[in-house]
Amino acid sequence: MSLNETTVEAIALEMGDAPFGSNLKNTDYTDSGALVVQGKNIKGRVFDWSDKRHVSFDKYASIPRSHCFEGDLLFPKVGTIGKVGILSLCEGYDKYLLSTNTMRLKVDPEKADPYFIYYYFTWSKTVRLIQAMNSKSVQPVFNFTSLKKFPLMLPSLEIQRHASQVIKKLDDKIILNNQTNQTLEEMAQAIFKSWFVDFDPVKAKINGEQPEGMDAATASLFPEKLDSETSIPEGWTQGVISDIAKLNGKSWTKKKHPDEVHYVDLANTKNGVIESVTSYEFEDAPSRARRVLNPGDTIVGTVRPGNRSFAYIGQTEQPLTGSTGFAVLTPKEEFWSSLVYLATTNDDSIDEYARLADGGAYPAIKPAVVAETECVIPTEEIAKKFWEITGPMLKKAHQNRLENEDLAALRDTLLPKLLSGEIELETK
5 MSLNETTVEA
15 IALEMGDAPF
25 GSNLKNTDYT
35 DSGALVVQGK
45 NIKGRVFDWS
55 DKRHVSFDKY
65 ASIPRSHCFE
75 GDLLFPKVGT
85 IGKVGILSLC
95 EGYDKYLLST
105 NTMRLKVDPE
115 KADPYFIYYY
125 FTWSKTVRLI
135 QAMNSKSVQP
145 VFNFTSLKKF
155 PLMLPSLEIQ
165 RHASQVIKKL
175 DDKIILNNQT
185 NQTLEEMAQA
195 IFKSWFVDFD
205 PVKAKINGEQ
215 PEGMDAATAS
225 LFPEKLDSET
235 SIPEGWTQGV
245 ISDIAKLNGK
255 SWTKKKHPDE
265 VHYVDLANTK
275 NGVIESVTSY
285 EFEDAPSRAR
295 RVLNPGDTIV
305 GTVRPGNRSF
315 AYIGQTEQPL
325 TGSTGFAVLT
335 PKEEFWSSLV
345 YLATTNDDSI
355 DEYARLADGG
365 AYPAIKPAVV
375 AETECVIPTE
385 EIAKKFWEIT
395 GPMLKKAHQN
405 RLENEDLAAL
415 RDTLLPKLLS
425 GEIELETK
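Under our numbering, the first residue of the sequence shown carries the number 5, and numbering increases by one thereafter.
Structural data, given as structure tokens:
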């Protein structure tokens, strides 16, 4: 397969640079308006909009060169250079502005396939080339001129389209699994809140009603009264997570440890997802790689807890080892597993951990703070029914994550072979 040398500028329909610093100052940011796309939002094909910044529509209109649109390829200019994303819209927004450290490319579909170019920039060879441009810089920079002149070696447009579709199908399945997991998480959290925060089934029975969406057998497990003194369901107790889970139950020591550890770090754990696991010989592992993790455990990051470094540990082929920066909660009985996870990782709990950690140069909480999270303790019958309903949700989400690991490994194996022409595709 022959490859043709070209540049980004040559295959562009449009390109846009970041606003000048004088045109977009900190004082220009507002609580609503056009959405400003920051480097931290760039997350491949599905952007992370958890951290939003806005400018007024008047300010947006005054910087037309930095407008960006759905489907544009976006690149950070400083810091984490080598990243790329395809702008996906955030619900409720139709106007987007580049931040002072991002730039955009709209590929001319008559000259190159946009998805092929996207995957070209995710290729490790390309990332290394971009990063090598600034290997001696304190603050890595990939500027607009560098992007325009960046060299590309491309096959024919027809081959580009076929190759990108092969990779895109794998990516689509990964994205679908992630969306399914988000739905499963939201469902489990909604049931947790209904049963153990709002006490909806009990209140329904107090009013002589059948609890909504619940069969009679499950409804019969719930009491018909709230305790007059505690305002929690009769027969339940007000407790803390350590009543039903052990904290940091087991750690590796210099005398007792495996030859190899499969390490889970806070930086690679986010919103219930362990994004990557790194294997080390024990002697070469980071000093924080000590916490023994078992299926059913909940891990919650205690360093900068507002970063939401938490996850449920499912069944894995290789036993995992976590950072000492995690509070590791092991349920005393399996049926407490989902209650422990959902009670410590809901938004209110994470916000409280972040509040308690706030104010220092190294914001952190002690693991005991997580273990002492307040929660209502239902009867074992209720806990078992809750596990029966929500346990499969957590397990399904875990299986989806394992499938995503396999899909990502296949994608990352195929990607360089397809981009370099090592694997040739039939185009008929």
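Don't be surprised by glycine CBs; every beta carbon is placed ideally from N, CA and C.
Over what stretch of residues does the alpha helix (DSSP H) that includes residue i continue unbroken?
i       : result
Ser-424 : 384 to 424
Val-344 : 341 to 349
Ala-375 : 371 to 375
Leu-151 : 148 to 152
Tyr-97  : Taken as a continuous stretch (DSSP letters only), Tyr-97 belongs to no alpha helix (DSSP H), as it is neither H nor E.
Phe-120 : 118 to 126
Pro-205 : 204 to 210
How would you call residue i, buried or exposed, if buried means at least 16 neighbouring beta carbons within 10 angstroms?
i       : result
Met-397 : buried
Lys-87  : buried
Thr-302 : buried
Gly-326 : buried
Gln-183 : exposed
Asp-117 : buried
Asn-30  : exposed
Lys-389 : buried
Ile-427 : exposed
Gln-42  : buried
Phe-146 : buried
Asp-355 : exposed
Gly-203 : For the record, residue 203 in the displayed sequence is Phe; it is not Gly. Phe-203 is buried by the Cβ-count criterion.
Asp-76  : buried
Arg-405 : buried
Gln-242 : exposed
Glu-287 : exposed
Leu-133 : exposed
Ser-26  : exposed
Phe-79  : buried
Pro-262 : exposed
Asn-185 : buried
How far does the beta strand (DSSP E) with residue i in it extend, from its first residue to its last?
i       : result
Leu-101 : 100 to 102
Ala-22  : From DSSP, Ala-22 is part of no beta strand (DSSP E); its letter is neither H nor E.
Ala-194 : Taken as a continuous stretch (DSSP letters only), Ala-194 belongs to no beta strand (DSSP E), being part of the alpha helix (DSSP H) at 161 to 200.
Ala-331 : 330 to 335
Arg-294 : 293 to 297
Thr-302 : 302 to 305
Pro-80  : 77 to 80
Val-12  : No beta strand (DSSP E) holds Val-12; DSSP gives it neither H nor E.
Leu-28  : First-last for Leu-28: undefined, no H or E at that position.
Val-380 : 378 to 381
Met-157 : 155 to 158
Gly-326 : 324 to 327
What are the residues that DSSP puts in a beta bridge with residue i?
i       : result
Val-41  : Leu-102
Val-50  : Beta-bridge pairing links Val-50 to no other residue.
Lys-110 : Glu-18
Tyr-357 : In DSSP, Tyr-357 forms no bridge with anything.
Ala-315 : Ile-303
Tyr-33  : Val-59
Gly-89  : Gly-48, Leu-78
Val-131 : Paired residues: none, contrary to the question.
Ala-368 : Val-307
Mind checking if residue i is an interface residue toward chain D, Cβ cutoff 9 Å exclusive?
i      : result
Ser-60 : Included in the structure is just one protein chain, with no chain D present.
For this session: Check whether the region 49 to 63 touches the region 27 to 35, taking contact to mean three or more Cβ pairs, one atom from each stretch, closer than 8 Å.
Result: Output reads yes: the region 27 to 35 touches the region 49 to 63.
Exercise. Do the region 189 to 205 and the region 48 to 58 make contact, defined as three or more Cβ pairs closer than 8 Å?
Worked result: With a cut-off of 8 Å, the region 48 to 58 and the region 189 to 205 do not count as touching, because too few Cβ pairs lie within range.
Problem set entry | the region 109 to 116 / the region 15 to 25 touching (three or more Cβ pairs under 8 Å) | Contact holds between the region 109 to 116 and the region 15 to 25, because three or more Cβ pairs, one in each stretch, are under 8 Å apart.
For this session: Note down, one range per segment and in chain order, each alpha helix (DSSP H) of at least 4 residues found wholly within the region 216 to 290.
Result: Every unbroken stretch of the alpha helix (DSSP H) spanning 4 or more residues and falling wholly within the region 216 to 290 is given here in chain order: 220 to 223.
Problem set entry | Touching by the beta-carbon criterion (3+ pairs, under 8 Å), the region 394 to 409 and the region 148 to 164 | With a cut-off of 8 Å on Cβ pairs, the region 394 to 409 is not in contact with the region 148 to 164, counting fewer than three such pairs.
Exercise. So does the region 320 to 337 actually touch the region 239 to 257, counting three or more Cβ pairs closer than 8 Å?
Worked result: Contact between the region 320 to 337 and the region 239 to 257 is present: 3 or more CB-CB pairs across the two stretches fall below 8 Å.
Problem set entry | Touch test, the region 291 to 299 against the region 212 to 223, Cβ-Cβ under 8 Å, three pairs minimum | In this structure the region 291 to 299 does not lie against the region 212 to 223, because fewer than three pairs of beta carbons, one per stretch, are closer than 8 Å.
Exercise. Does the region 172 to 183 come close enough to the region 404 to 413 that 3 or more CB-CB pairs lie under 8 Å?
Worked result: Enough Cβ pairs lie closer than 8 Å, so yes.
Exercise. Does the region 345 to 356 touch the region 372 to 380, meaning 3 or more C-beta pairs lie closer than 8 Å?
Worked result: Touching, per the Cβ criterion.
Exercise. Is the region 62 to 72 touching the region 84 to 101, taking contact as three or more C-beta pairs under 8 Å?
Worked result: The region 62 to 72 and the region 84 to 101 touch, with no fewer than 3 CB-CB distances between them shorter than 8 Å.
For this session: State whether the region 268 to 286 contacts the region 308 to 323, with contact taken as three or more CB pairs (one from each stretch) at a distance under 8 Å.
Result: Put simply, the region 268 to 286 touches the region 308 to 323. At least three CB pairs are less than 8 Å apart.
Exercise. Is the region 214 to 228 touching the region 270 to 278, taking contact as three or more C-beta pairs under 8 Å?
Worked result: No: the two stretches stay apart, fewer than three of their Cβ pairs being nearer than 8 Å.
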